[in-house]
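J.: I am attaching a structure below and will ask some questions about it afterwards.
2 protein chains.
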Amino acid sequence: MQDSLKANFPTFSTELIQEIESNAIHQSYKAGDVIMRTGQYINNTMLLTKGQIKIYREGENGGEFFMYYLQPGQACAVSMICATKSQTSQIMAKATEDVELIMIPLTLMEKWMMQHRSWYEFVIFTYRTRFEEVLEVVDSIAFRAMDERLEFYLKRYAEASGSKDLKVSHQEIATELNTSREVISRLLKKMEQRGLVSLHRNQIELLQ
Amino acid sequence: MQDSLKANFPTFSTELIQEIESNAIHQSYKAGDVIMRTGQYINNTMLLTKGQIKIYREGENGGEFFMYYLQPGQACAVSMICATKSQTSQIMAKATEDVELIMIPLTLMEKWMMQHRSWYEFVIFTYRTRFEEVLEVVDSIAFRAMDERLEFYLKRYAEASGSKDLKVSHQEIATELNTSREVISRLLKKMEQRGLVSLHRNQIELLQ
DNA sequence: CACCCAATGTGATAAATGTTACTGTAGCTA
DNA sequence: TAGCTACAGTAACATTTATCACATTGGGTG
Chain A
1 MQDSLKANFP TFSTELIQEI ESNAIHQSYK AGDVIMRTGQ YINNTMLLTK
51 GQIKIYREGE NGGEFFMYYL QPGQACAVSM ICATKSQTSQ IMAKATEDVE
101 LIMIPLTLME KWMMQHRSWY EFVIFTYRTR FEEVLEVVDS IAFRAMDERL
151 EFYLKRYAEA SGSKDLKVSH QEIATELNTS REVISRLLKK MEQRGLVSLH
201 RNQIELLQ
Chain B
209 MQDSLKANFP TFSTELIQEI ESNAIHQSYK AGDVIMRTGQ YINNTMLLTK
259 GQIKIYREGE NGGEFFMYYL QPGQACAVSM ICATKSQTSQ IMAKATEDVE
309 LIMIPLTLME KWMMQHRSWY EFVIFTYRTR FEEVLEVVDS IAFRAMDERL
359 EFYLKRYAEA SGSKDLKVSH QEIATELNTS REVISRLLKK MEQRGLVSLH
409 RNQIELLQ
């Protein structure tokens, strides 16, 4: 397990890794599990060591607006932010694969900020990258029409899955972009005509 | 000046305030000045002691999408985040009133994180509130149509200015919501018919 | 006052997106 | 194989938003 920690968080100092090892709680989830709900209290920061997590913003009407992915070696910025005051979560986290993660209690999270430079830098780095990611999301909704947003979504999906064959239904895309399946179908057809994708059942192949 | 610091940042410890006093650079801007541009390098964190700042996200086409306000006693989260790695700004900051602020160099910002608990808490609090504010903005664009977004905008404007008489033109609102003046005029008319606002030249009066 | 100009109002029309309704099709299973 | 179901395609229409064109209004200024 130390190996997994070291491999996923290479910037952590040896002492920090030992501290994590002796204090942290390991937790695992199955693909599809909801790890965190909007409104839930947060007392731990979560470090992802295996699998993939999708972060959503929930609308009142039950919409699930996709924000970003978490990969092994990353942490949930929202859990860090909320954990510092035991606030409720503003987002929903869902496992897209079987997930293993390490829970760091609030008290330790704060203590380490003062004691471990590598932890401090990791936390700040996490804040920064997630903030930037959210700003990009704002861009995409504020300035771009649905066709561009769809391309943006597919690109991120491909990056996260590490493949150009996206196993995803039109309905799922529609839900995560907060639009309707018909709209996505139409736009995908147009993209196919432009030679950007090749459409199959339950699969979208990104060309070029 | 120490009084102004203490009044605006009441959580800061006495030692921290002294440190800020002896190290910081004071800077002032006129209403309308652009304080920070997208793409500009950031080496300082900024604490606002007087005036008001609007934070925008700039689109490639020149759009200026309004994100949130900064008031005295607050700091620019983006400047904190970027400053830690001398990154470029992802946002634009514009003074809406005459502004006075304190610049904290990157090196101090980091040093104080380890030394001053009140600074650490302030930084974390700033991250958290700004992240939440941006998430709310995502909500408003992702889940709501223009009429609701307009109401959301006006409410925030009223809160920030501390008045129900908003001195703002339809064109300005349109720009900051990335839509067109006609749309805003029409929606405002509807709001007036519903008894939510009273429209005057260069002024929108929020009723109830 | 006469004029100008920015701000606002409004209709017509286009484009994008949302909604409804229906069809087809692949894959699974009884 | 028949039937079921999730997924996908598509037409028709409604609604929202964008764009264009032009009228009106009110305040400031010569």
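Here the protein sequences line up with chains A and B, keeping their order.
With the numbering used here, letter number 184 in the first sequence gets 184, and the count goes up by one each step, no holes.
Plus 208 on top of the position in the second sequence (first one is 1) and you've got the numbering used here.
Positions of the beta carbon are idealized from the N, C-alpha and C atoms, including for glycine.
Using 8 Å as the cut-off, can you tell me whether the segment 22-41 of chain A makes contact with the segment 97-105 of chain A, which would need three or more C-beta pairs spanning the two stretches below that distance?
T.: yes
J.: Taking residue 200(A) as part of the beta strand (DSSP E), name the residues at either end of that continuous run.
T.: Residue numbering aside, residue 200(A) sits at position 200 when the first sequence is read from its first letter. Looking at the DSSP string, the run of the beta strand (DSSP E) that includes residue 200(A) is 197-200.
J.: For a test of the three-state rule: what should DSSP assign to residue 192(A), helix, strand or coil?
T.: Numbered from its first residue, the first sequence carries residue 192(A) at position 192. DSSP places residue 192(A) within a helical segment (H, G or I) once states are collapsed to three.
J.: Please confirm if residue 391(B) has its CB atom under 8 Å from at least one CB of chain A.
T.: Locating residue 391(B) in the second sequence gives position 183, counting from the first residue. It does not: the Cβ of residue 391(B) has no partner Cβ on chain A nearer than 8 Å.
J.: Straight-line CA distance for residue 178(A) to residue 115(A)?
T.: Walking along the first sequence from the start, residue 178(A) turns up at place 178. Walking along the first sequence from the start, residue 115(A) turns up at place 115. Straight across, the Cα-Cα distance linking residue 178(A) with residue 115(A) is about 43 Å.
J.: Any beta carbon of chain A sitting closer than 8 Å to that of residue 347(B)?
T.: Counted from its first residue, the second sequence places residue 347(B) at position 139. Output row for residue 347(B): interface = yes.
J.: Residues of chain A with CB closer than 9 Å to the CB of residue 339(B), please, in chain order.
T.: Working through the second sequence from its first residue, we reach residue 339(B) at position 131. Within 9 Å Cβ-Cβ: 77, 78, 81, 90, 127, 130, 131, 134.
J.: For residue 174(A), would you say it is in contact with chain B, using Cβ-to-Cβ distances shorter than 8 Å as the test?
T.: The count along the first sequence starts at 1 and reaches residue 174(A) at position 174. It does not: the Cβ of residue 174(A) has no partner Cβ on chain B nearer than 8 Å.
J.: Which partner residues does residue 26(A) have in the DSSP bridge list?
T.: Within the first sequence, numbered from 1, the residue matching residue 26(A) stands at position 26. Partner(s): 102(A).
J.: Classify residue 245(B): buried if its beta carbon has 16 or more other beta carbons within 10 angstroms, exposed otherwise.
T.: Within the second sequence, the letter at position 37 stands for residue 245(B). Classification of residue 245(B): exposed, given that the 10 Å Cβ count is below 16.
J.: Is residue 267(B) close to chain A? Criterion is C-beta to C-beta, closer than 8 Å.
T.: The count along the second sequence starts at 1 and reaches residue 267(B) at position 59. Closer than 8 Å to some Cβ of chain A, the Cβ of residue 267(B) qualifies, so yes.
J.: State yes or no: is the C-beta of residue 249(B) within less than 8 Å of the C-beta of residue 315(B)?
T.: The residue given as residue 249(B) occupies position 41 in the second sequence. The residue given as residue 315(B) occupies position 107 in the second sequence. Not closer than 8 Å, so no.
J.: So is residue 195(A) buried or exposed if we call it buried at 16+ other beta carbons inside 10 Å?
T.: Taking the first sequence and counting its residues from 1, the one referred to as residue 195(A) is at position 195. Counting Cβ neighbours within 10 Å, residue 195(A) comes out exposed, since fewer than 16 surround it.
J.: Using a beta-carbon distance cut-off of less than 8 Å, what residues from the segment 140-158 of chain A approach chain B?
T.: 141, 142, 143
J.: Using DSSP with H/G/I as helix, E/B as strand and the rest coil, what is residue 131(A)?
T.: If you number the first sequence from 1, residue 131(A) lands on position 131. Looking at residue 131(A) - three-state DSSP - the assignment turns out to be helix.
J.: Along chain A, which residues have their Cβ under 9 Å away from the Cβ of residue 321(B)?
T.: For the purposes of this step, residue 321(B) is taken as the residue at position 113 of the second sequence. Result: 113, 114, 120, 124.
J.: Among 328(B), 310(B), 379(B), which residue has its Cα nearest to the Cα of residue 235(B)?
T.: As a first step, residue 235(B) is located in the second sequence; it is residue number 27 there, counting from the start. Of 328(B), 310(B), 379(B), the residue nearest in Cα terms is 310(B).
J.: Does residue 23(A) have its Cβ less than 8 Å from a Cβ in chain B?
T.: Position 23 of the first sequence, counted from the first residue, corresponds to residue 23(A). So, not an interface residue.
J.: Do we get a CB-CB distance below 8 Å when we pair residue 220(B) with the residues of chain A?
T.: Reading the second sequence from its first residue, position 12 is the one you call residue 220(B). The beta carbon of residue 220(B) does not come within 8 Å of any beta carbon belonging to chain A, so the residue lies off that interface.
J.: Taking the Cβ atom as the reference point for each residue, do residue 76(A) and residue 109(A) lie within a distance shorter than 8 Å?
T.: The count along the first sequence starts at 1 and reaches residue 76(A) at position 76. The count along the first sequence starts at 1 and reaches residue 109(A) at position 109. No.
J.: Please name the residue in 326(B), 216(B), 328(B) whose C-alpha comes closest to that of residue 257(B).
T.: For the purposes of this step, residue 257(B) is taken as residue 49 along the second sequence, with counting starting at 1. Taking only the C-alpha atoms, the option nearest residue 257(B) is 216(B).
J.: Taking 8 Å as the cut-off, does the segment 119-134 of chain A touch the segment 270-289 of chain B (at least 3 CB pairs, one atom from each stretch)?
T.: A contact exists between the segment 270-289 of chain B and the segment 119-134 of chain A.
J.: For a test of the three-state rule: what should DSSP assign to residue 5(A), helix, strand or coil?
T.: In the first sequence, residue 5(A) corresponds to position 5, counting from 1. DSSP places residue 5(A) in helix when its eight states are reduced to three.
J.: Measuring alpha carbon to alpha carbon, tell me which of 321(B), 271(B), 298(B) ends up nearest residue 121(A).
T.: On the first sequence, residue 121(A) is found 121 positions in, with the first residue counted as 1. Ranking the options by Cα distance to residue 121(A), first place goes to 321(B).
J.: To the nearest whole angstrom, what separates the beta carbons of residue 152(A) and residue 269(B), a pair I think is in contact under 8 Å?
T.: For the purposes of this step, residue 152(A) is taken as the residue at position 152 of the first sequence. For the purposes of this step, residue 269(B) is taken as the residue at position 61 of the second sequence. Incorrect: roughly 16 Å between the Cβ atoms, too far for contact.
J.: Restricting to Cα atoms, I'd like to know which of 70(A), 171(A), 164(A) is closest to residue 127(A).
T.: Mapped onto the first sequence, residue 127(A) falls at position 127. Measuring from the Cα of residue 127(A), the nearest candidate turns out to be 70(A).
J.: In this structure, does DSSP put residue 355(B) in helix, strand or coil?
T.: Walking along the second sequence from the start, residue 355(B) turns up at place 147. Residue 355(B) falls in the helix class under three-state DSSP.
J.: From this set, 281(B), 289(B), 319(B), which residue's C-alpha is nearest residue 123(A)'s C-alpha?
T.: The residue you call residue 123(A) lines up with position 123 of the first sequence. Of the candidates 281(B), 289(B), 319(B), the one whose C-alpha sits nearest the C-alpha of residue 123(A) is 289(B).
J.: Apart from the five residues on each side of it in sequence, which residues of its chain come closer than 7 Å, Cβ to Cβ, to residue 164(A)?
T.: Residue numbering aside, residue 164(A) sits at position 164 when the first sequence is read from its first letter. Excluding sequence neighbours, residue 164(A) sits near 158, 205, 206.
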